[in-house]
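These notes concern the structure reproduced below.
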Amino acid sequence: MARLPPLNALRAFDAASRHGSFTRAANELHVTHGAVSRQVRQLEDFLDCALFRRVPRGLQLTAKGREFAFSIQNVFQQLNEAVTVVREKPAGTVITISTLASLAARWLVPRLHRFQQRHPDIEIRVSTTSTLVNFEREGVDLGVRYGSGHWPGVNIQRLFCPNEFPVCAPQLLERSDLTCPRELAQFTLLHDTTYRHWGEWLKLAGATDVDYRRGLVIEDSNVMLQAVIEGEGVALAYLPLVHADLKAGRLVKPFDVELPTDLAIYAVCPEHFRKRPEVRAVIDWLVEEARETGAQCS
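1 is the number of the first residue of the sequence shown in our numbering; add one for each residue after it.
As structure tokens, then:
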């Protein structure tokens, strides 16, 4: 990097170029006229060129002086903006959580106010993705993930066992009876990414004569559940995604049969991240919220 001139000399030149006067520049900087004059002369010596011409009514920038003044003003503006950003940034620690969009929207985010009331010094940021992340490279502190839990090199804390069960809007049941699983043949089945889960649930419920391959496919689970709330059909869901909707009466659970799974939802992070107090605080809070939601693993 090239050697830079003294900052005070740059400030003196910037003020003098804007005011066209060493005296008014000195008043702005709360220094003497002589101090500004010396600092500008020091800058001219450093740059090996004249920046001002002395004229009867004050100072006039040379061609090089005008060019340099324009550049310096932009630099000082950027510096002021950078200082403002740093000063306005909330104090405390930032924890970035990566999770599925559906889980973020329907379970995690609606509960964050409780964590922030308890830990106002910890700022939470939520990043949504359906893929595993590289914690170090992507700046993620903690993941909430659905899977087997066999992820080498990370610390895991099981939160939920997401057994699946049918849900539908209460107004749907007002239009048609749904008293046994076989009657699902009269309803539109909604699927997110696979038909397999409906087939397994219907088998468990003793309704293998229902054609599980028909219906509407909506790849985004969040959008699919919104369609269910609007009365478009019946879908399989697991409790964390529909807990609030069931509690508020936007959805109902027509049958008690639940499809068990070997998979679970985990809080995961690199082993050395787990030692950080703020990460432990988030994990402990997630465990507490999971316990309140239900769907605990036996």
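Glycine included, every Cβ here is placed at the ideal spot set by N, Cα and C.
In this structure, residue 118 and residue 289 do not form a Cβ contact; the two beta carbons are roughly 11 Å apart against a cut-off of 8 Å. With the rule of 3 Cβ pairs closer than 8 Å, the region 10 to 17 counts as touching the region 65 to 72. Residue environment analysis places residue 206 among the exposed positions, since fewer than 16 neighbouring C-beta atoms fall within 10 angstroms of its C-beta. With respect to the C-alpha of residue 293, the residue from 77, 241, 255 having the closest C-alpha is 241. Nearest in C-alpha terms to residue 281, of all of 163, 174, 157, is 157. In this structure, the CA atom of residue 3 is about 10 Å from the CA atom of residue 46. When rounded, the separation of the alpha-carbon atoms in residue 264 and residue 174 is 34 Å.
Straight-line spacing of the CA atoms in residue 132 and residue 30 works out to 57 Å. Rounded to whole angstroms, the separation of the alpha carbons of residue 23 and residue 53 is 15 Å.
Bounds of any alpha helix (DSSP H) do not take in residue 218, whose DSSP letter is neither H nor E. Between the alpha carbons of residue 19 and residue 66 lies a gap of roughly 13 Å. In this structure, the beta-carbon distance from residue 208 to residue 202 falls below 8 Å. If you look at residue 235, you'll find it in the beta strand (DSSP E) that goes 234 to 238. Nearest neighbour of residue 139 by Cα position, chosen from 34, 130, 152, 125, turns out to be 125. Judged by DSSP secondary structure, residue 191 falls within the beta strand (DSSP E) whose first and last residues are 189 to 191. Bounds of the alpha helix (DSSP H) holding residue 290 are 277 to 293. As for any alpha helix (DSSP H) of minimum length 4 sitting wholly inside the region 79 to 133, the runs are 112 to 118, ordered along the chain. DSSP, reduced to helix, strand and coil, places residue 163 outside both helices and strands of the structure shown, so it counts as coil. Of 44, 82, 77, 143, the smallest CA-CA separation from residue 279 is found for 143. For residue 60, the enclosing beta strand (DSSP E) starts and ends at 58 to 61. Measuring C-alpha to C-alpha distances from residue 216 to each of 230, 235, 222 identifies 235 as the nearest. CA-to-CA, the gap between residue 16 and residue 82 works out to about 23 Å. Residue burial annotation: residue 177 is exposed, with fewer than 16 other C-beta atoms found within 10 angstroms of its C-beta.
Between residue 165 and residue 271, the CB-CB gap reaches or exceeds 8 Å. Between residue 255 and residue 170, the beta carbon gap of about 15 Å keeps them out of contact (Cβ cut-off 8 Å).
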